[in-house]
Amino acid sequence: MPRKSTIVGLSLAALLGAALTISQGPLPFRAAAHKADVYAAGEPGDPKKPFRTVEITMSDGPGTMTYTPNKIDVRRGEQIKFVLKNTGLLPHEFLIDSFENNAKHKIEMEKNPEMEHDDPNGKRLEPKQSAEILWRFTKVGTFEFACLIPGHYETGMKGTIVVK
Ligand SMILES: [Cu+2]
106 MPRKSTIVGL SLAALLGAAL TISQGPLPFR AAAHKADVYA AGEPGDPKKP
156 FRTVEITMSD GPGTMTYTPN KIDVRRGEQI KFVLKNTGLL PHEFLIDSFE
206 NNAKHKIEME KNPEMEHDDP NGKRLEPKQS AEILWRFTKV GTFEFACLIP
256 GHYETGMKGT IVVK
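Start counting the sequence shown at 106; every next residue gets the next number (the numbering used here).
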C-alpha cells in the first residue's frame with residue numbers, strides 16, 4: 106500500500122518540522138528560567154541612544170576574586186555600556202539584578218553550577234575573554250552585579266550600582 110506509507114511519511118515530516126520549530130525557540134525557556142522578561146534593575150539598552158562606557162575587570166588570585174571597580178554611580182535613565190574583561194584564570198560572570206534576585210539565583214546556581222549565562226543582563230566569560238552589556242538604568246535604587254558561580258560571590262565577586 107504505497108499511498109498509506111506516503112501519508113505516514115508526510116505526517117512524520119510534519120511532526121519533525123514541529124519539533125524543530127519548538128527547539129529553535131529557546132528564548133521563552135531562558136526567560137522562564139531567569140525571570141528575564143521583567144528585569145529588576147532596568148532594561149536592555151538601545152545602541153542608537155547615547156551611552157557611557159564603564160570598563161570592569163574580573164580577576165582572581167590566591168583567596169581573592171574581584172571586580173574592579175566594584176561600585177558604580179549612575180543617574181536614572183542613563184545607559185551604561187559595560188565592557189567586561191576576565192583577566193583571571195577561572196571563568197567568571199557578571200549579572201546585574203536586584204540583591205534579592207541575585208540571592209535567589211545564587212541558590213539555583215548551587216544546584217546547577219554549569220548554568221550558562223548569555224542574557225541581556227548577564228554574561229559568563231572564560232579566562233581572557235571579554236564581552237559587553239548595554240544596560241539602561243530606569244529605576245532609582247541600589248542594585249548588584251555578581252558572579253554566582255559557586256564560591257565566587259563569597260570570595261568577593263560582587264559590586265553595587267547606585268542609581269540616583
Ligand atoms: Cu567568578
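In this text, a Cβ means the ideal position worked out from N, Cα and C, and glycines have one as well.
- Listed as beta-bridge partners of E198 by DSSP are R229.
- Using a Cβ distance threshold of 8 Å, L239 and N207 do not count as a contacting pair.
- Contact between the segment 149–159 and the segment 211–219 is not established, with fewer than three Cβ pairs separated by less than 8 Å.
- With a threshold of 16 other beta carbon atoms within 10 Å, E259 falls short and is exposed.
- Within the same chain, T260 come within 8 Å of G168 by CB-CB distance, once the 5 residues on both sides are set aside.
- Each residue's CA atom was taken as its position, placing K186 and G256 some 27 Å apart.
- When rounded, the separation of the alpha-carbon atoms in E237 and N191 is 12 Å.
- For N207, the enclosing alpha helix (DSSP H) starts and ends at F204 to K216.
- Distances from the alpha-carbon of T171 to those of G193, V159 and T247 put G193 closest.
- Taken through DSSP and simplified to helix, strand or coil, R157 comes out as strand.
- Here DSSP, grouped into helix, strand and coil, assigns F242 to coil.
- With a cutoff of 7 Å, E259 does not count as near ligand 1, since its C-beta is closer than that to no heavy atom of the ligand.
- In the three-state reduction of the DSSP assignment, A145 falls in the coil class, being assigned neither a helical nor a strand state.
- No heavy atom of ligand 1 is found nearer than 7 Å to the CB of I177.
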